[in-house]
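>
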Amino acid sequence: MSGLDKDRKRNQTVCFRMTPEERRELEARIKVSGLPKGKYFIQSVLHQEVKIAVGKYQSDRLSLEIRRLWERLDHLETEDLYEVLADCRALMQQVIEITGNDCSVTWKASDFKTEILEDEK
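Under our numbering, the first residue of the sequence shown is numbered 537, with each subsequent residue one higher.
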């Protein structure tokens, strides 16, 4: 069977289980969209927001570690590392703001796309 799929552009299979009610609702949404089933699934999964909810314990630990790193970076001032430290500080400040009071973070699926560098080709 695997030999039949090797030349296809999309040769990977994804399966999951649903209740009969969930399936009826899904089939209705697919029908209303007017898209083929496969295209509907791909569009639905890859073009939606991803919401990550972190538990209180993990977010507190992460926040403490980031604050410790922030304080250590605040005391390091060298000419050679100035740009790197500035980038790290900006990144950590953003993460501290994100993990502040609200422990949920929302990203779009497109935020997870990677780029292939020339050296890796």
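Backbone N, C-alpha and C define an ideal beta-carbon position, used for all residues, glycine too. Model, not experiment: these values are computed from the prediction.
What did DSSP end up calling R665 once you bin it into helix, strand or coil?
For the chain, the structure presents residues 537 to 657; residue 665 sits outside this window and is missing.
> E633 to R608, Cα distance in whole Å?
18 Å
> On a CA-only basis, which of W606, Y618, D610 is nearest V631? Give me that one, please.
W606
> Straight-line CA distance for F577 to S569?
If I take the Cα positions, the gap works out to 11 Å.
> Cα separation between R625 and R597?
18 Å
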